[in-house]
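Heads up: the structure comes next, in structure tokens.
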Amino acid sequence: MTVRGASAAMPGHTNEIVVKAATRHVNAPIRVTIFGMRVALSIAGSDPTGGAGLQADLQVFRALGVHGAGVVTALTVQDSSKVHEVLPVFPNVVLAQLRKLFADFTPDAVKIGMLASDDVARMVELGLRSLGDAPGERPPIVLDPVFEASDGTRLLERRALAAIQDLVGVTTLITPNLSEAQALTGCDVSTEEGSQLAASALVMNLGAMAALVKGGHRDGPPHDLFAEREGGSVSFTWLEGERIAGEPVHGTGCALASAVTAELAKGASLRDAVDTSRQFVAKAIRNAKRLGKRARFLSYTSDDT
811 MTVRGASAAM PGHTNEIVVK AATRHVNAPI RVTIFGMRVA LSIAGSDPTG GAGLQADLQV
871 FRALGVHGAG VVTALTVQDS SKVHEVLPVF PNVVLAQLRK LFADFTPDAV KIGMLASDDV
931 ARMVELGLRS LGDAPGERPP IVLDPVFEAS DGTRLLERRA LAAIQDLVGV TTLITPNLSE
991 AQALTGCDVS TEEGSQLAAS ALVMNLGAMA ALVKGGHRDG PPHDLFAERE GGSVSFTWLE
1051 GERIAGEPVH GTGCALASAV TAELAKGASL RDAVDTSRQF VAKAIRNAKR LGKRARFLSY
1111 TSDDT
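Read left to right, the sequence shown gives residues 811 to 1115 (the numbering used here).
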């Protein structure tokens, strides 16, 4: 169901780098296809288990047929049970990674995940300026605003909230869960109407082109809310979700945002990218396998059993 307005009711493998543009300015970065694939970039923290973070993003990119590039924002000490320690990368190193990468080529889409600190978040925002100031100049950018691990461990400094809010304004899509949407907007998201107000604020006040507020932590059906800017208003679409039985699964939020990024890199429309990615993650949850002492890990195989 789609409604409009902030107060509306719910209802060929190659080793060559191929230049895509025929002409360009001397020394300007170029958009490239690596190994015959589109390129998606993840800017995220490292998860040594491979279940979430940068490692998981690269797995999703590969599964969906795009080349994955990565800029590391933080190291974590964690296992399948919890995050034990977070170590942000030096902010100037993050900025240097981004600037060198963007001076070489422009990715087809960018995903931003865990940023850990205020300084790192601000360096990411500064680095993204190399891609252009106008939405038409930049590749699509998907922001997954990671604030806490599932065990409650903080993955972002509290003082970094304003820096994340600034980043929202350059994004094509932001994918917060309910608590992240509430933190970013100040809206009570305990009701569907409150979720719509938060999604509207993310788009109209903070400047995202669209928002996908994930409902997995909501009591009752885990429906997601997709909100998209249309001129001076926002359209809302509630996307039906289902609870898939089983033990906790690690990295679902990372997988959804990186899947959307991969689909956008391949040229899909935003809504098609969201729909395809939700199906992709649902299948990966059904195929999830236990690894380690606690969590199940998403499986991207073609086996439906």
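Where a beta carbon is used, it is the ideal one built from N, C-alpha and C, also for glycine. On a predicted model such as this, the values are computed, not experimentally measured, just so you know.
Hey, how far is the Cα of residue i from the Cα of residue j?
i: aspartate 1034; j: glycine 1025; result: 5 Å
i: alanine 1072; j: leucine 874; result: 7 Å
i: arginine 872; j: alanine 1094; result: 14 Å
i: alanine 854; j: glutamate 895; result: 16 Å
i: arginine 1081; j: threonine 1047; result: 10 Å
i: arginine 1104; j: glutamate 958; result: 18 Å
i: valine 893; j: valine 882; result: 17 Å
i: glycine 937; j: aspartate 976; result: 13 Å
i: glutamate 1052; j: leucine 988; result: 16 Å
i: aspartate 1085; j: alanine 906; result: 35 Å
i: glycine 878; j: valine 870; result: 9 Å
i: leucine 911; j: methionine 933; result: 14 Å
i: arginine 969; j: leucine 1066; result: 26 Å
i: glutamine 1089; j: leucine 994; result: 27 Å
i: proline 1032; j: glutamate 1050; result: 7 Å
i: valine 1023; j: threonine 963; result: 21 Å
i: glycine 946; j: glycine 1041; result: 16 Å
i: cysteine 997; j: threonine 1111; result: 39 Å
i: alanine 972; j: arginine 1039; result: 22 Å
i: aspartate 943; j: serine 1079; result: 21 Å
i: proline 901; j: alanine 1083; result: 31 Å
i: isoleucine 974; j: alanine 862; result: 20 Å
Kindly indicate which residue of the options has the alpha-carbon position closest to the one of residue i.
i: serine 940; options: Ala1067, Ser890, Asp914; result: Asp914
i: arginine 948; options: Thr981, Glu1050, Phe1046, Arg1039; result: Thr981
i: glutamate 935; options: Thr1086, Gly946, Arg909; result: Arg909
i: valine 1059; options: Leu1022, Ala1098, Ser1068, Leu1080; result: Ala1098
i: methionine 1019; options: Gln1006, Pro1032, Ala1037; result: Ala1037
i: methionine 847; options: Phe1090, Arg1106, Ala1075; result: Ala1075
i: valine 876; options: Arg1096, Gly1077, Gln1089, Arg1106; result: Gly1077
i: aspartate 961; options: Gly946, Ser891, Val1023; result: Ser891
I think residue i touches residue j, with their Cβ atoms under 8 Å apart; what is that distance to the nearest whole Å?
i: alanine 1008; j: valine 999; result: 5 Å
i: leucine 897; j: glycine 880; result: About 17 Å; that fails the 8 Å criterion.
i: alanine 919; j: proline 950; result: 5 Å
i: aspartate 889; j: cysteine 1064; result: Incorrect: roughly 17 Å between the Cβ atoms, too far for contact.
i: valine 952; j: threonine 985; result: 7 Å
i: valine 978; j: leucine 1016; result: 4 Å
i: alanine 1092; j: isoleucine 1054; result: 7 Å
i: aspartate 1119; j: threonine 886; result: The question about residue 1119 has no answer, for the chain in this structure spans 811 to 1115.
Residue j and residue i - do their beta-carbons sit closer together than 8 Å?
i: valine 1013; j: valine 1044; result: yes
i: glycine 1004; j: valine 956; result: no
i: serine 1087; j: lysine 921; result: no
i: serine 927; j: glutamate 990; result: no
i: alanine 884; j: valine 899; result: yes
i: glycine 1061; j: leucine 1108; result: yes
i: proline 917; j: leucine 851; result: yes
i: glutamate 1057; j: arginine 1106; result: yes
Exercise for review: Jot down the residue ranges of each uninterrupted alpha helix (DSSP H) in the segment 938-983, minimum 4 residues, whole runs only, in chain order.
Suggested key: 971-978
**Study point:** In chain order, each beta strand (DSSP E) run of at least 3 residues that lies wholly inside the segment 861-933
**Key:** 877-882, 884-888, 893-898, 919-922
**Study point:** Contained beta strand (DSSP E) runs [length at least 3] in the segment 1039-1083, N- to C-terminal order
**Key:** 1043-1049
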